[in-house]
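See structure below.
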Amino acid sequence: MILLIALLSVLLVFILFRITSITIWVLKAAKMTANIPGPKTLPLVGNALSFANMKNPEDSLIITQTLLKENNKPPDRISKLWLGPKLIIALGNPKYIEAVLTSKDALNKDSFYDYLGLVIDGMVVNNGKKWHDLRKPLNRILTKALIESRLTKMHQKAIKICRLWEDKVEDGKMFNLRPDLTNYFADNICDNLLGGYKLNELDNKKLDFNGSMERAINLLQKLMLQFPGNISVTYAKLSKTGRQLAKETRVFFDESLKILRATRENMETKDNNDEEQTKNFFNVLMELKTRDNLSEEETALKGLDVLIGGFDTTSVTSACVLLMLAMYPEHQKAVYQEQLKIIGDDPNIIPTWDQLTSMEYLGRVIKEVLRLFCPLAIMRTLSKDMDFDDYKLPKGCTLYIMLYYLHRDPQFWSHPEEFYPDHFLSEAILNRPKGSYFPFSYGPRVVLVNYMQ
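Under UniProt numbering, the residues of the sequence shown are numbered 1 to 453, in order.
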């Protein structure tokens with residue numbers, strides 16, 4: 001009885017201390033950000049009741065964007081939102097956004113990303129040393145030289161997918177490009193970055209990566225944005241939806257584990273200086289496994305964001321590029337004429353890096369697609385107080401970088417809601433502030449592909 005009373009007393013003291021700490025932080029943060037506009041709040045809950053009537057995950061995103069956009073006005077384009085004790089500062093000013101994304105005090109991703117940890121455990125969700133240990137080797141591996149050395153392999157797979165589509169269009173029926181694109185990029189990422197692993201999903205079509213990914217995203221949205229899954233990540237993992245998510249993403253984990261085991265076998269039988277091994281990201285994971293005494297399962301989980309990131313975002317972007325070219329035949333014709341001029345009409349010619357990077361019109365089309373079809377936002381947590389002109393942002397607040405609206409701001413884009421590749425003519429680029437376009441984020445946590453632009 002005495003022990004129980006003692007434990008309850010300690011628990012009560014901890015709870016009171018936690019409540020006091022949160023209250024002090026909220027009062028300090030509210031005072032610091034008093035001059036930042038935002039919707040009216042209620043005691044304790046802030047603006048949380050605005051989300052009470054949402055019927056699906058998409059409603060939550062729409063409500064958040066609407067509340068923030070209403071107060072995110074020129075010239076400063078800064079606003080705030082309170083979700084209980086959680087302070088969210090929305091940024092739409094290119095100057096402020098660039099300052100945040102290049103600051104060492106805003107490197108950490110927001111706790112919102114913790115839900116992705118239900119699926120992956122790599123660079124996307126980790127912060128600090130864990131992130132650095134995974135990111136630094138990839139900076140060394142994923143280079144222009146690597147891409148140049150893999151162009152023949154990529155070309156062979158490109159020919160394969162084009163012939164596959166030729167067969168499909170013969171009957172004149174519509175078909176979905178996404179599954180084939182997903183398989184194409186999954187094969188490429190495994191063959192070119194993961195030690196030459198032969199997934200061959202474009203031929204085999206056994207794993208349904210595309211369908212599993214779409215279902216997993218829907219389940220993640222439900223967990224993150226709907227009660228009771230949004231109470232905590234721990235609860236979300238144990239919930240029925242969390243168990244469904246684990247089952248749906250098992251296909252990715254199993255392949256990651258196979259690649260890891262193949263890498264281990266190659267390390268045991270091949271020279272460590274073998275090119276495929278030195279350019280294999282899973283080789284890096286094997287080193288981390290030994291250093292940190294990780295299990296095979298823990299190590300494979302860390303490689304999932306490279307595998308998934310390698311095929312999911314690229315297949316989505318490529319599908320959008322092809323859709324825009326189909327919808328706007330004048331741009332399709334211009335891109336085609338550029339291809340003929342640079343590499344001719346022989347499909348067996350393998351383009352060089354210089355030829356690929358000289359495709360200026362195609363480059364503008366891709367950049368415009370990335371402008372229109374970008375993530376809604378990037379979320380970071382401040383590790384120190386930060387000042388923007390007359391505004392003071394407190395340590396611990398969440399920064400909500402409004403990419404979607406930044407990329408559609410009529411101050412920076414002459415045709416904000418249209419597909420207009422001339423947005424990326426040289427003179428148009430010079431007339432925009434640098435921080436008005438972030439398709440791959442920016443700063444130390446920029447998406448790796450940005451290094452090869």
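In this text, a Cβ means the ideal position worked out from N, Cα and C, and glycines have one as well.
Give the straight-line distance between the Cα atoms of residue i and residue j, rounded to the nearest whole angstrom.
{"i": "residue 202", "j": "residue 153", "result": "14 Å"}
{"i": "residue 89", "j": "residue 33", "result": "9 Å"}
{"i": "residue 383", "j": "residue 298", "result": "28 Å"}
{"i": "residue 242", "j": "residue 342", "result": "50 Å"}
{"i": "residue 107", "j": "residue 393", "result": "15 Å"}
{"i": "residue 157", "j": "residue 200", "result": "10 Å"}
{"i": "residue 397", "j": "residue 405", "result": "21 Å"}
{"i": "residue 224", "j": "residue 388", "result": "30 Å"}
{"i": "residue 206", "j": "residue 251", "result": "10 Å"}
{"i": "residue 97", "j": "residue 375", "result": "15 Å"}
{"i": "residue 7", "j": "residue 16", "result": "14 Å"}
{"i": "residue 94", "j": "residue 9", "result": "50 Å"}
{"i": "residue 155", "j": "residue 284", "result": "27 Å"}
{"i": "residue 281", "j": "residue 235", "result": "32 Å"}
{"i": "residue 349", "j": "residue 161", "result": "16 Å"}
{"i": "residue 451", "j": "residue 78", "result": "Annotation note: pLDDT 42 at residue 451 (below 50); position unreliable, coordinate value reported separately. Each residue's alpha carbon lies about 29 Å from the other."}
{"i": "residue 183", "j": "residue 208", "result": "8 Å"}
{"i": "residue 187", "j": "residue 290", "result": "28 Å"}
{"i": "residue 311", "j": "residue 12", "result": "49 Å"}
{"i": "residue 419", "j": "residue 427", "result": "18 Å"}
{"i": "residue 105", "j": "residue 176", "result": "43 Å"}
Using CA atoms only, rank isn't needed, just tell me which of the options is closest to residue i.
{"i": "residue 381", "options": "337, 411, 399, 393", "result": "399"}
{"i": "residue 391", "options": "160, 36, 176", "result": "36"}
{"i": "residue 322", "options": "362, 294, 222, 296", "result": "362"}
{"i": "residue 421", "options": "436, 408, 155, 369", "result": "369"}
{"i": "residue 238", "options": "115, 426, 262", "result": "115"}
{"i": "residue 313", "options": "351, 439, 146, 174", "result": "439"}
{"i": "residue 147", "options": "408, 193, 94", "result": "193"}
{"i": "residue 178", "options": "171, 189, 165", "result": "165"}
{"i": "residue 360", "options": "338, 350, 191, 94", "result": "338"}
{"i": "residue 31", "options": "87, 51, 209", "result": "87"}
{"i": "residue 462", "options": "23, 113, 144", "result": "Here the chain has residues from 1 to 453 only, and residue 462 is not among them."}
{"i": "residue 244", "options": "119, 350, 185, 311", "result": "119"}
{"i": "residue 266", "options": "196, 142, 151", "result": "196"}
{"i": "residue 261", "options": "49, 163, 296", "result": "296"}
{"i": "residue 163", "options": "174, 180, 151", "result": "180"}
Would you decide whether residue i is buried or exposed? Buried here means 16 or more other CB atoms lie within 10 Å of its CB.
{"i": "residue 169", "result": "exposed"}
{"i": "residue 259", "result": "buried"}
{"i": "residue 111", "result": "exposed"}
{"i": "residue 29", "result": "buried"}
{"i": "residue 327", "result": "exposed"}
{"i": "residue 38", "result": "buried"}
{"i": "residue 433", "result": "exposed"}
{"i": "residue 27", "result": "exposed"}
Sorted by chain position, which residues of the same chain lie with C-beta nearer than 7 Å to residue i's C-beta, five sequence neighbours on each side aside?
{"i": "residue 248", "result": "212, 215, 216, 219"}
{"i": "residue 424", "result": "364, 367, 368"}
{"i": "residue 408", "result": "416, 417"}
{"i": "residue 294", "result": "288"}
Among the residues of its own chain, which have a CB less than 6 Å from the CB of residue i, if the five just before and after it don't count?
{"i": "residue 461", "result": "Residue 461 falls outside the range modelled here, since the chain spans only 1 to 453, and no answer is possible."}
{"i": "residue 149", "result": "none"}
{"i": "residue 402", "result": "90, 92, 377"}
By Cβ distance, which residues of its chain are closer than 8 Å to residue i, with the 5 residues on each side in sequence left out?
{"i": "residue 410", "result": "416"}
For the pair the region 60-76 and the region 337-355, tell me if three or more CB-CB distances fall below 8 Å.
A contact between stretches requires three or more CB pairs, one per stretch, nearer than 8 Å, and the region 60-76 fails this requirement with the region 337-355.
Taking contact to mean at least 3 C-beta pairs separated by less than 8 Å, is the region 76-91 in contact with the region 43-53?
Yes, they touch.
Does the count of Cβ pairs from the region 249-268 and the region 301-315 closer than 8 Å reach three?
Verdict: yes, contact present.
Touch check for the region 92-108 and the region 60-67: three-plus C-beta pairs under 8 Å?
Per the Cβ contact rule, the region 92-108 is not in contact with the region 60-67 (fewer than 3 Cβ pairs under 8 Å).
Per the contact definition of three or more C-beta pairs closer than 8 Å, is the region 404-414 in contact with the region 354-368?
Three or more Cβ pairs closer than 8 Å define a contact, and the region 354-368 falls short of that threshold against the region 404-414.
Meets three-Cβ-pair contact criterion under 8 Å: the region 329-339 and the region 311-320
Output reads no: the region 311-320 does not touch the region 329-339.
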